[in-house]
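Residue numbers (my numbering): 199 to 850.
Written out below as structure tokens is the structure these notes cover.
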């Protein structure tokens, strides 16, 4: 008994840990680390370009995140179009959408159209521009400055970068962060030598020159035109225009500030080197801790070197030596049923293989090796029918739950063939199917009923059958009687509004014209493995394949195929459901994807977004009348209302 109690306590604690790790301050978050996504946890900057790509500059490579996957760029010896140095400091987008990349040994240009880098920037004298880059400044007139070992201007000629020394009345050697304020003044940091301001009429003022040993790390201008300086030694300083000097903001003196970023019109983030994040309220003149606690590290002692709010309002936090945390602007409302829930587990812990809600509102859940569960609308377990030795037993592994027009609940199975469930008693009555050799069919995977009350039956290995619900007797072996529909290994069925039956199999896709007495058929996607089928409201047929997502226009027979190259998390598409906003929701063995049929863009979701897991089950999906979508997988069920789900914009 003691051992059982210990196990239960560990299980509860582990489950709580999981849920807390996915939520902090009421918000879900993603933590990207070197365990999977990043090339280094030593992060210098996070940048988002006009296409929404998020770039993470680190001390060991440059990582790009498109919302679906991470790609890391590194220097490749002998490749002139690779990153010039793995120590990447900063980025800047120029007017044509290309990116300037500042590294430890110079500047180069990244072209997204060719996914390649230019050679190193060249000076006016033809020599390579060898500089440890600190920052770029894009001026209001469109020109670009670069700071570092020397302060210069940048121009781009075709696919090369040209560097021109600046003749200024401020020091141009070993400069740091740059800022152009609303009045057109240029502010130039020079490490521990203070900060210079160059006015539009070339007047120079030098600030903080008398405060020796102060490491200036950040420049910031608020929405009211006030300039601030972040330091490691003196906290946050504010420029007082009347006094003509910088003054320390009380309460920040002990904050080692690395970066200052905008939070709102009246607030800014103070990112510190070992004290986490703080927020300064401009109007109230107060400073408050901004915790982003989690189970992996203490935010109050974290080294936060950068913070970015992207185009969608998501917050990205660069935690030096840990990784990047992304807090979505709006938390997703994915719901969960399964053994990881802190509530009572109502569907066991086995893989979910099928889902269907009947006319009484009961959700029936088929499992792999744990029978069938019935769940009420208020998510309480109604019944659990398990396999036993009797001839009317529920099979242990269930596929293709389906209720016909007469309210009979059918199921397929892996070893017992086709059966009908008495929902009150759990008694199963089996309908015998025989293949062309007279052997009893064991594996039944899917069902669909047509307008003539024929229940079509997909078998794995014995082809296609139908059962006449009106007579309750006839079973028709389509494969034996209609050679052109000959498919043995059938995975999925779809009955469309124009009285056609689509049959997905391990050999491709057949479209059977049920208006034809001979069941004439067309074949598509020959030699492809079909896992799932769906018809959208425009009459297009979507096919989930082992190697992508295919759209078939039945009017023209035109096929369009999408793969991971266009944004899917992986190419194996296990089930498809649609919503009222022209989105397809697609489950795979490596996450879930929302595909907008109008824009052609994918938005991908993973276990750390709140899914039951990244791996889902083939054809284990159901759409409720109220729009709720249900998807089963290895670790339970994910269900949700599509309108409550948000995500990073994808750019495919």
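The beta carbon of each residue, even a glycine, is placed where N, CA and C say it ideally should be.
Taking the C-beta atoms as reference points, residue 596 is found no nearer than 9 Å to residue 574. Contact between residue 305 and residue 368 is ruled out by a C-beta separation of about 21 Å, above the 8 Å threshold. The residue from 649, 704 and 684 with its alpha-carbon nearest to that of residue 698 is 649.
Taking a cut-off of 8 Å for Cβ pairs, the segment 273 to 283 and the segment 314 to 326 touch, as three or more such pairs fall below it.
For the 9 Å CB-CB criterion, residue 333 and residue 346 form a contact. Distance from the CA atom of residue 567 to the CA atom of residue 745, rounded to whole angstroms, is 28 Å. Taking every protein chain shown into account, the CB of residue 728 has 16 or more other CB atoms within 10 angstroms, so this residue is buried.
Between the alpha carbons of residue 675 and residue 233 lies a distance of about 52 Å. Counting only runs that start and end inside the segment 671 to 728, the alpha helix (DSSP H) elements of at least 4 residues fall at 676 to 679. Between the beta-carbon of residue 583 and that of residue 624 there is about 4 Å, and that keeps the pair under the 8 Å contact cut.
Taking residue 620 as reference, the option from 556, 509, 631 and 642 with the minimal CA-CA separation is 556. Taking the Cα positions, residue 289 is about 36 Å away from residue 779. Take residue 516, set aside five residues on each side of it, and the residues of its chain with a beta-carbon closer than 6 Å to its own are 241, 244, 503, 504 and 522, in chain order. In this structure, the straight-line span from the alpha carbon of residue 251 to that of residue 274 is close to 23 Å.
For residue 460, the closest C-alpha among the options 449, 424 and 652 is that of 424. Per DSSP, reduced to three states, the secondary structure at residue 826 is coil, with no helix or strand assignment.
A distance below 9 Å separates the beta carbons of residue 743 and residue 726. Take the alpha-carbon of residue 363 and the one of residue 370: they are about 9 Å apart.
Apart from sequence neighbours up to five positions away, the residues of its chain that approach residue 302 with a beta-carbon distance below 6 Å are 283, 285 and 330, ordered along the chain.
For residue 406, the CB contacts under 8 Å within the same chain, skipping 5 residues up- and downstream, are 392, 393, 412, 414, 427, 435 and 444 in chain order. Residue 805 carries a helical assignment under DSSP once its states are collapsed to helix, strand and coil. For residue 752, the secondary structure class from DSSP, reduced to helix, strand or coil, is coil. Taking C-beta separations shorter than 7 Å and ignoring five residues to either side along the sequence, the partners of residue 326 in its chain run 304, 318 and 320, following chain order.
The beta carbons of residue 447 and residue 471 sit no closer together than 9 Å.
As DSSP reads the structure, residue 414 sits in a beta bridge with 429. With a beta-carbon spacing of about 4 Å, residue 691 and residue 646 fall inside the 8 Å limit used to define contacts.
When only Cα atoms are considered, residue 561 and residue 662 end up about 27 Å apart.
With contacts defined by Cβ atoms closer than 9 Å, residue 377 and residue 430 do not form a contacting pair.
Collapsing the DSSP output to three states places residue 391 in a helix. Of the candidates 819, 686, 832 and 790, 790 places its Cα closest to the Cα of residue 844. Residue 355 and residue 262 have their C-alpha atoms some 25 Å from each other.
Annotation for residue 469: the continuous beta strand (DSSP E) segment containing it runs 465 to 470.
Following the DSSP letters along the chain, one finds residue 652 inside the beta strand (DSSP E) bounded by residues 652 to 657.
The Cβ atoms of residue 834 and residue 538 lie closer than 9 Å to each other. The secondary-structure analysis by DSSP pairs residue 241 across a beta bridge with 256.
Residues 385, 419, 423 and 425 of the same chain have their beta carbon placed closer than 8 Å to that of residue 379, with the five preceding and five following residues left out of the count.
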